[in-house]
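Participant: Residue numbers (full-length UniProt numbering): 1 to 359.
Where a beta carbon is used, it is the ideal one built from N, C-alpha and C, also for glycine.
Note that this is a predicted model, so its numbers are computed, not measured.
Starting off with a structure, shown below.
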């Protein structure tokens, strides 16, 4: 998903006209016992226990400073600096440079937070951010151009056009499972649309969060683009403020909290929320191909920690045992006899998400 396509780009911009055969089914879910169970258990990531703030590190954000932070960003926006094509390009190129020069640091942070293999980190996060930047830089002039609009005969001889306008100060609250991609991608969209933006990374991926704070300060315009680190108190303080747009990625439970807070100020919101993702398997499929695709979509994709990851499988009762055997064999082929020792799979971040008795 890219947030800089035309549809989502407009979510950061306001527009106004100027001038006027049935089968018996069985559901397969994560087993709590049986021969395949061990293959599904993986250890906690290295940063499952949050690090302690040590001397020399950046001090945590003071929640009491949230009002002044928003005020500063809105004042910066009102100067018009973020509206210009030149500023937008400079910030997008800053992100490109940041990713290019600090790719190793980004990859290491993702490994420390999620034990994410280097190749997976590059393909699923780093390369995706590069692609979004390239797209934004390529299409920016076209996005900024006014669009002609039809007028009715009653308005003749007037003409009309639709102009995309930046909204102002945008709050991006990102999630932990893709802590780099899902932090930077919405920021790219907000910047491309000419907004000032605050990013609140997830505290559940603390190493990446800390790195993002460092990188933004080094590579981007701090008068209009900021990072706020913290947990619930800091997020709550930010949500109390009047933003011009809020972009949240995460759970439906927190999404309701974000929506409620935004409603107080009639703030427009984008909610990218998780849900259930089933796979329906018919009995006439290629068994091996199907098993490999399910494994790739479940365990090789951030070890299932993704909103599009397979949650459960629907198959016929007669076919289910065959599929389970194929999955068991495929998991061993992908990750070895003991996936807990594999270097090619991320680790489950939250202990509460472990299969009962596996940790």
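Rounded to whole angstroms, what is the Cα-Cα separation between residue 273 and residue 171?
Facilitator: Position 273 of the chain shown holds residue 273. Position 171 of the chain shown holds residue 171. Spanning the two alpha carbons is a distance of roughly 16 angstroms.
Participant: From what residue to what residue does the alpha helix (DSSP H) around residue 298 run?
Facilitator: Along the chain shown, one-based indexing puts residue 298 at 298. Here the alpha helix (DSSP H) through residue 298 covers 287-298.
Participant: Confirm, please, whether the CB-CB distance from residue 108 to residue 181 is below 7 angstroms.
Facilitator: In the chain shown, residue 181 corresponds to position 181, counting from 1. In the chain shown, residue 108 corresponds to position 108, counting from 1. The answer is no: Cβ separation not under 7 angstroms.
Participant: Please state whether the Cβ-Cβ distance between residue 250 and residue 175 is less than 7 angstroms.
Facilitator: Residue mapping note: residue 250 aligns to position 250 of the chain shown, counting from 1. Residue mapping note: residue 175 aligns to position 175 of the chain shown, counting from 1. Yes, the pair counts as a contact, with Cβ atoms nearer than the cut-off.
Participant: Leaving out five residues before and five after residue 83 in sequence, what residues of the same chain have Cβ atoms less than 7 angstroms from its Cβ?
Facilitator: Within the chain shown, numbered from 1, the residue matching residue 83 stands at position 83. Around residue 83: 166 and 194.
Participant: Using a Cβ-Cβ cutoff of less than 8 angstroms, which residues in the same chain neighbour residue 85 once the five nearest sequence positions on both sides are dropped?
Facilitator: Indexing the chain shown from 1 puts residue 85 at position 85. So the list reads 140, 141 and 144, once near-sequence residues are dropped.
Participant: Give the secondary structure of residue 336 by DSSP, where H, G and I count as helix, E and B as strand, and everything else as coil.
Facilitator: Here residue 336 refers to the residue found at position 336 of the chain shown. DSSP places residue 336 in coil when its eight states are reduced to three.
Participant: Which residues does DSSP list as the beta-bridge partners of residue 68?
Facilitator: By 1-based counting over the chain shown, the position of residue 68 is 68. In the DSSP output, where bridge partners are listed per residue, residue 68 has none listed.
Participant: Hey, residue 199 and residue 187: beta-carbon distance below 7 angstroms or not?
Facilitator: For the purposes of this step, residue 199 is identified with residue 199 of the chain shown, where counting begins at 1. For the purposes of this step, residue 187 is identified with residue 187 of the chain shown, where counting begins at 1. The answer is yes: Cβ separation under 7 angstroms.
Participant: Excluding the five sequence neighbours on either side, which residues of its own chain have a C-beta within less than 8 angstroms of the C-beta of residue 75, listed in chain order?
Facilitator: In the chain shown, counting from the first residue as 1, residue 75 sits at position 75. Closer than 8 angstroms at Cβ, skipping near neighbours: no residue.
Participant: Among residues of its own chain, excluding the 5 on either side of residue 329, which ones have a beta-carbon nearer than 8 angstroms to its beta-carbon?
Facilitator: Within the chain shown, the letter at position 329 stands for residue 329. Here the set comprises 291.
Participant: So, does the segment 259-267 touch the segment 275-289, judging by three or more C-beta pairs under 8 angstroms?
Facilitator: The answer is no - the segment 275-289 does not touch the segment 259-267, with fewer than three Cβ pairs under 8 angstroms.
Participant: Straight-line CA distance for residue 344 to residue 215?
Facilitator: The sequence position of residue 344 within the chain shown is 344, counting from 1. The sequence position of residue 215 within the chain shown is 215, counting from 1. Taking the straight line joining both Cα atoms gives about 27 angstroms.
Participant: Any idea which residues DSSP pairs residue 75 with across the strands?
Facilitator: Here the question's residue 75 lines up with position 75 in the chain shown. In DSSP, residue 75 forms no bridge with anything.
Participant: Considering only residues of the segment 130-164, which uninterrupted beta strand (DSSP E) runs meet the minimum length of 3 residues and lie entirely inside it, listed in chain order?
Facilitator: Within the segment 130-164, the complete beta strand (DSSP E) runs of at least 3 residues are 147-149.
Participant: What are the start and end residues of the alpha helix (DSSP H) that includes residue 94?
Facilitator: Indexing the chain shown from 1 puts residue 94 at position 94. Run containing residue 94: 85-101, per the alpha helix (DSSP H) assignment.
Participant: May I ask which residues mark the beginning and end of the beta strand (DSSP E) holding residue 247?
Facilitator: Translated into the one-based positions of the chain shown, residue 247 becomes position 247. Note, residue 247: beta strand (DSSP E), 245-250.
Participant: For a test of your reading of the model: does the CB of residue 144 fall under 6 angstroms from any non-hydrogen atom of the ligand GTP? Yes or no.
Facilitator: With respect to the ligand GTP, the structure offers nothing, as it holds no ligand at all.
Participant: How is residue 316 classed by DSSP in three states: helix, strand or coil?
Facilitator: Counted from its first residue, the chain shown places residue 316 at position 316. If DSSP states are grouped into helix, strand and coil, residue 316 belongs with the strands.
Participant: Just checking my contact of residue 179 with residue 202 at CB under 8 angstroms: how many whole Å lie between their CB atoms?
Facilitator: The residue labelled residue 179 in the question sits at position 179 within the chain shown. The residue labelled residue 202 in the question sits at position 202 within the chain shown. Yes, residue 179 and residue 202 are in contact; Cβ-Cβ is about 6 angstroms, under 8 angstroms.
Participant: Please list, in chain order, all residues of the same chain as residue 33 whose beta carbon is under 6 angstroms from its beta carbon, the five residues on each side excluded.
Facilitator: For the purposes of this step, residue 33 is taken as the residue at position 33 of the chain shown. Here the model assigns residue 33 a pLDDT of 44, short of 50, so the residue's position is not dependable and the matter cannot be decided.
Participant: Alpha carbon to alpha carbon, how far is residue 275 from residue 312?
Facilitator: Position 275 of the chain shown, counted from the first residue, corresponds to residue 275. Position 312 of the chain shown, counted from the first residue, corresponds to residue 312. In a straight line, the C-alpha of residue 275 is about 12 angstroms away from that of residue 312.
Participant: Output needed for residue 149: all residues of its chain with C-beta closer than 7 angstroms, excluding positions within five of it in sequence on either side, in chain order.
Facilitator: The residue given as residue 149 occupies position 149 in the chain shown. Here the set comprises 17, 160, 161 and 162.
Participant: Where residue 67 and residue 301 are concerned, what is the direct C-alpha to C-alpha distance, given to the nearest angstrom?
Facilitator: Numbered from its first residue, the chain shown carries residue 67 at position 67. Numbered from its first residue, the chain shown carries residue 301 at position 301. Distance between the alpha carbons of residue 67 and residue 301 is about 39 angstroms.
Participant: Less than 7 angstroms between C-beta atoms, sequence neighbours within five positions excluded: which residues of the same chain meet that for residue 304?
Facilitator: Against the chain shown, residue 304 aligns to sequence position 304. The residues are 298.
Participant: Find out if the Cβ-Cβ distance for the pair residue 168, residue 62 is shorter than 7 angstroms.
Facilitator: The residue labelled residue 168 in the question sits at position 168 within the chain shown. The residue labelled residue 62 in the question sits at position 62 within the chain shown. Going by C-beta atoms, residue 168 is not nearer than 7 angstroms to residue 62.
Participant: Span of the beta strand (DSSP E) holding residue 278?
Facilitator: The count along the chain shown starts at 1 and reaches residue 278 at position 278. Here the beta strand (DSSP E) through residue 278 covers 278-280.
Participant: Among 190, 123, 120 and 106, which has the Cα closest to the Cα of residue 88?
Facilitator: Position 88 of the chain shown, counting from 1, holds the residue named residue 88. It is 190 whose Cα lies nearest to the Cα of residue 88.
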